[in-house]
Amino acid sequence: MLPTIAREDDVVVMIDQRKLPAEEVYVRCRTAAEVAKAIKTMVIRGAPAIGVAAAMGIALGVRRSTMTGTQKLAAEFYKLCELMAGTRPTAVNLFWAIERMKRVFAEAAQAGASVDQIKDRLDAEAQAIHDEDVASCRAMGTFGAEVVPAEARILTHCNAGALATAGYGTALGVIRGAVEAGKSVAVFADETRPFLQGARLTAWELVRDGIQTTVITDNMSGSLMRQGKVNFVVVGADRIAANGDTANKIGTYSVAVLAREHNIPFYVAAPLSTIDLKTPDGSQIPIEERSAKEVTHVGKSQVAPAGAMVWNPAFDVTPHHLIAGIITERGICRAPYTESLARAFE
Ligand code: MRU
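Following our numbering, the numbering of the sequence shown begins with 1 at its first residue and continues without gaps.
This is the structure:
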């Protein structure tokens with residue numbers, strides 16, 4: 001399976017997603033600050049993968065700490081949590097993973113664990129977050145495969161694959177699950193301007209897996225649907241509010257509206273760590289705005305004149321009424337989502 005991120009002794013290793021598909025190189029982070037920078041600059045990206053990276057970064061930072069007492073270690077630990085929390089605001093998996101690490105630290109400290117024992121427990125928790133994510137993706141693949149048509153022509157947006165998770169993927173996990181279930185699957189990957197996660201990462205993953213993949217630019221999906229060439233849409237999520245409103249990569253909302261117009265089922269695949277029951281609806285989800293350069297440039301080439309203003313929100317919100325179902329590791333949640341999402345946690 002594709003290694004997105006791994007802990008190796010006192011280093012966190014991740015494949016550099018900025019360089020794919022042209023180069024397959026790995027970044028070795030030796031400090032928590034380097035992990036935080038890798039998240040911010042999108043060496044690693046995708047909501048579940050960001051959560052895993054933050055947990056591993058915190059564990060690494062604590063492991064490297066020279067503090068001798070639990071209290072001093074605690075002060076350093078909370079600073080590391082803050083550092084990670086400041087990297088990217090939308091993916092709730094980041095804050096969910098930090099909370100898990102905080103809980104483990106507090107429980108260990110309260111139980112009188114030594115500094116070394118605390119370090120071990122944080123390492124183990126980060127690895128558990130990683131391993132559970134792979135298991136969740138596999139489960140989503142199994143549940144999701146059931147709703148994929150036997151002769152599937154699937155459109156997906158951005159990259160919600162192995163690269164965006166600890167492995168296997170959420171939306172691409174559903175696609176992989178359908179292939180493993182023996183369905184005939186062809187995928188259309190939206191290019192996904194401005195960072196090109198669809199063209200660069202989704203297509204790279206699927207081609208490696210031998211799954212038929214056609215890359216389209218984002219403005220082609222409407223025409224494709226009108227010609228009857230798509231019969232299923234599945235995307236990932238960065239944060240799902242209690243009512244089912246879903247934040248995902250910018251452009252997802254347009255795809256959902258188009259899917260509704262053409263009577264194509266639009267599914268979201270996401271683990272429970274992406275569901276934020278504390279946020280009542282999509283209007284409360286913080287949307288990250290990224291640098292103008294991502295829009296004015298494609299790679300090193302400038303495609304818009306200097307002086308033009310730029311709007312670059314990294315995510316949009318798809319209202320829950322456009323979503324046919326939310327595929328989780330516990331099964332498929334259906335409307336009314338306020339009830340079904342809450343039930344998924346029971
Ligand atoms: O800005 P990115 O690349 O981190 O955005 C990623 C997405 O929008 C994904 O679709 C989402 O995180 C789900 S990943 C399983």
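Note that the Cβ used here is the ideal one computed from N, Cα and C, for glycine as well.
Who are residue i's beta bridge partners in DSSP?
{"i": "S184", "result": "E151"}
{"i": "G325", "result": "Y267"}
{"i": "D131", "result": "Bridge partners of D131: none, in fact."}
{"i": "T214", "result": "F188"}
{"i": "T156", "result": "A189"}
{"i": "M14", "result": "I5, V27"}
{"i": "G161", "result": "The partner list for G161 (beta bridge, DSSP) is empty, contrary to what the question assumes."}
{"i": "C333", "result": "I326"}
Quick check on DSSP: helix, strand or coil for residue i?
{"i": "S223", "result": "helix"}
{"i": "A55", "result": "helix"}
{"i": "V179", "result": "helix"}
{"i": "R28", "result": "strand"}
{"i": "Q117", "result": "helix"}
{"i": "E8", "result": "strand"}
{"i": "F315", "result": "strand"}
{"i": "M42", "result": "coil"}
{"i": "G112", "result": "coil"}
{"i": "G141", "result": "helix"}
{"i": "G198", "result": "helix"}
{"i": "G173", "result": "helix"}
{"i": "G61", "result": "helix"}
{"i": "Y78", "result": "helix"}
{"i": "M67", "result": "coil"}
{"i": "E146", "result": "coil"}
{"i": "E346", "result": "coil"}
{"i": "D123", "result": "helix"}
{"i": "L20", "result": "coil"}
{"i": "R88", "result": "coil"}
{"i": "A166", "result": "coil"}
Using only the alpha-carbon positions, how far apart do residue i and residue j sit?
{"i": "R153", "j": "I39", "result": "33 Å"}
{"i": "A353", "j": "M84", "result": "This structure does not reach residue 353, given that the chain is present from 1 up to 346, and the question cannot be answered."}
{"i": "S283", "j": "H320", "result": "12 Å"}
{"i": "P313", "j": "T90", "result": "11 Å"}
{"i": "Q197", "j": "A111", "result": "44 Å"}
{"i": "A106", "j": "D123", "result": "15 Å"}
{"i": "Q350", "j": "E191", "result": "Residue 350 lies beyond the range of the chain shown here (1 to 346); nothing can be said about it."}
{"i": "V187", "j": "K37", "result": "33 Å"}
{"i": "L206", "j": "G69", "result": "49 Å"}
{"i": "V268", "j": "I240", "result": "10 Å"}
{"i": "I5", "j": "R226", "result": "39 Å"}
{"i": "L322", "j": "V255", "result": "10 Å"}
{"i": "I58", "j": "L80", "result": "6 Å"}
{"i": "A150", "j": "D209", "result": "19 Å"}
{"i": "P242", "j": "V12", "result": "Going by the sequence as given, residue 242 is Ala instead of Pro. Computed Cα separation, rounded: 33 Å."}
{"i": "I327", "j": "A306", "result": "43 Å"}
{"i": "I216", "j": "E288", "result": "25 Å"}
{"i": "A171", "j": "M67", "result": "42 Å"}
{"i": "E125", "j": "R45", "result": "20 Å"}
{"i": "T338", "j": "E346", "result": "13 Å"}
{"i": "A109", "j": "D238", "result": "32 Å"}
{"i": "W355", "j": "T165", "result": "This structure gives no information on residue 355, because the portion of the chain shown stretches from 1 to 346."}
{"i": "R127", "j": "K102", "result": "Before going on, a small fix: residue 127 reads as Gln here, not Arg. Cα to Cα, Q127 sits roughly 15 Å from K102."}
{"i": "A32", "j": "E180", "result": "38 Å"}
{"i": "M56", "j": "S221", "result": "37 Å"}
{"i": "E82", "j": "V174", "result": "34 Å"}
{"i": "P21", "j": "L155", "result": "20 Å"}
{"i": "V115", "j": "G141", "result": "39 Å"}
{"i": "E34", "j": "D218", "result": "33 Å"}
Considering only heavy atoms of the ligand MG, does any lie closer than 7 Å to the CB of residue i?
{"i": "N248", "result": "No copy of the ligand MG occurs in the structure displayed; its ligands are the ligand MRU alone."}
| request: Please list the segments of the beta strand (DSSP E) lying wholly inside the segment 227-313, counting only runs of 3 or more residues, in order along the chain. | output: 232-235, 239-241, 246-249, 266-269
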